[in-house]
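Heads up: the structure comes next, in structure tokens.
Protein chains in written order, with the numbering used here: chain P, 1 to 259; chain S, 1 to 38.
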């Protein structure tokens, strides 16, 4: 029987990093809201031997939000971490793992996410947009209008809002709202939904029935609405309604806890 | 056994220039920041 590899001790030891990556995958697999998170730093690690080839591992991990919605089929390795200027969101996680004969398993995890402070961003980037509250009236108005607009143009399934992921509002030089939101396909066509949208039911919670949209609503000086949705069950974006070349600004994101 | 002379020698040894390519070991924790700190 080959001997198990030595217990991890340093935060950047290959064994520690490998275990941390298992933990991050576990956290993403068990989170059903927002975006996937990527490892930014192994903050601390404690190994408690339980017996021969049997250790408990306690991690403190710093994660960063990526651009991949949690329902996206894109592997985490291909997800881009949001930049500091996008108003980054950090996740602080405590994870308890067990390693028996070299096999890792997560026993428990507890995470808290929070957006970077507005002051931090303002210091280095006064013009950078900041997160807006997800229940902001302008945000809700933009999401509702965008989804209605999309449903009025598509010949596919009627889409229903699942959750708003991020939103930002810019006031200068153009007053605009940019929102990102997850959608689910229903058992109605968009045409059928015109008669009674309330009767439309979300299709089974298969990844192919989910999608993600980005909406840009210009409010002043001119009014305009553009929406782009990607349905994960589709290989192409349909209908494609191009976004502004440079979407607008501002965000605020509530903290999120998972365990 | 550590003697006064040995300590003095060790101190002296620390002043010897480190060989080219010498990389001091990083502290065990926290680990490196992969993207940026917030």
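Glycine included, every Cβ here is placed at the ideal spot set by N, Cα and C.
Please read all numbers here as calculations on a predicted model, not as lab measurements.
I want to see whether chain S comes within less than 8 angstroms of residue 27 (chain P), judged by CB atoms only; does it?
no
Taking any Cβ of chain S, which residues in the stretch 69-100 of chain P have a Cβ under 7 angstroms from it, in chain order?
81, 84, 88, 90
Residue of P:36, P:60, P:28 minimising C-alpha distance to residue 31 (chain S)
P:60
Within chain S, the residues that residue 41 (chain P) reaches when beta carbons sit closer than 9 angstroms:
30, 31, 32, 33, 34, 35, 37
Complete runs of the alpha helix (DSSP H) confined to the stretch 133-207 of chain P [at least 4 residues]
137-153, 190-193
What beta strand (DSSP E) runs, 3 residues minimum, are completely inside the stretch 103-128 of chain P?
103-115
Alpha-carbon spacing of residue 232 (chain P) relative to residue 185 (chain P), whole angstroms
10 angstroms
Neighbouring residues, chain C, relative to residue 45 (chain P) (Cβ below 7 angstroms)
In the structure shown, chain C cannot be found, because the protein chains are P and S.
Cutting at 6 angstroms between CB atoms, please list the residues of its own chain near residue 212 (chain P), excluding the five before and the five after it.
69, 182, 230
What's the C-alpha gap between residue 128 (chain P) and residue 207 (chain P)?
34 angstroms
Alpha carbon to alpha carbon, what distance is there between residue 148 (chain P) and residue 134 (chain P)?
18 angstroms
Name the one or two DSSP bridge partners that residue 211 (chain P) has.
P:183, P:231
In whole angstroms, what separates the C-alpha of residue 194 (chain P) from that of residue 45 (chain P)?
55 angstroms
Near residue 163 (chain P), what residues of its chain come up, given a Cβ to Cβ distance below 7 angstroms and the 5 sequence neighbours on each side ignored?
33, 181, 182
Could you have a look at residue 37 (chain P) and say whether DSSP puts it in helix, strand or coil?
strand
Within chain S, the residues that residue 116 (chain P) reaches when beta carbons sit closer than 9 angstroms
38
Looking at residue 92 (chain P): is its Cβ nearer than 8 angstroms to the Cβ of residue 55 (chain P)?
no
Distance check for residue 143 (chain P) and residue 137 (chain P), CA to CA, integer angstroms please.
10 angstroms
Is residue 20 (chain S) helix, strand or coil by DSSP?
coil
Closer than 8 angstroms at the beta carbon, the chain S residues around residue 107 (chain P):
Here the premise fails: no neighbours, minimum Cβ distance about 21 angstroms.
Quick check on residue 58 (chain P): does DSSP put it in helix, strand or coil?
strand
Contact list for residue 134 (chain P) against chain S, beta-carbon separation under 7 angstroms
By Cβ distance, chain S contributes nothing, its closest Cβ being about 20 angstroms from residue 134 (chain P), past 7 angstroms.
Paired residues, beta bridge with residue 64 (chain P) - DSSP:
P:38, P:90
Relative to the alpha-carbon of residue 35 (chain S), which residue among P:64, P:28, P:58 has its alpha-carbon at the smallest distance?
P:64
Beta carbon of residue 57 (chain P): closer than 7 angstroms to some heavy atom of the ligand COA?
Annotation note on the ligand COA: not contained in the displayed structure, which lists no ligands.
Shortest alpha-carbon distance to residue 219 (chain P) belongs to which of P:139, P:198, P:165, P:210?
P:139
Listed by chain order, chain S residues near residue 34 (chain P) by CB distance under 8 angstroms:
Within 8 angstroms Cβ-Cβ: nothing; residue 34 (chain P) doesn't reach chain S, min ~16 angstroms.
Interface residues of chain S around residue 11 (chain P) at Cβ under 7 angstroms?
28, 29, 30, 31
Express the C-alpha separation of residue 90 (chain P) and residue 23 (chain P) in angstroms, rounding to a whole number.
16 angstroms
I'd like to know if residue 120 (chain P) contacts chain S, where contact means its C-beta is closer than 8 angstroms to some C-beta of that chain.
yes
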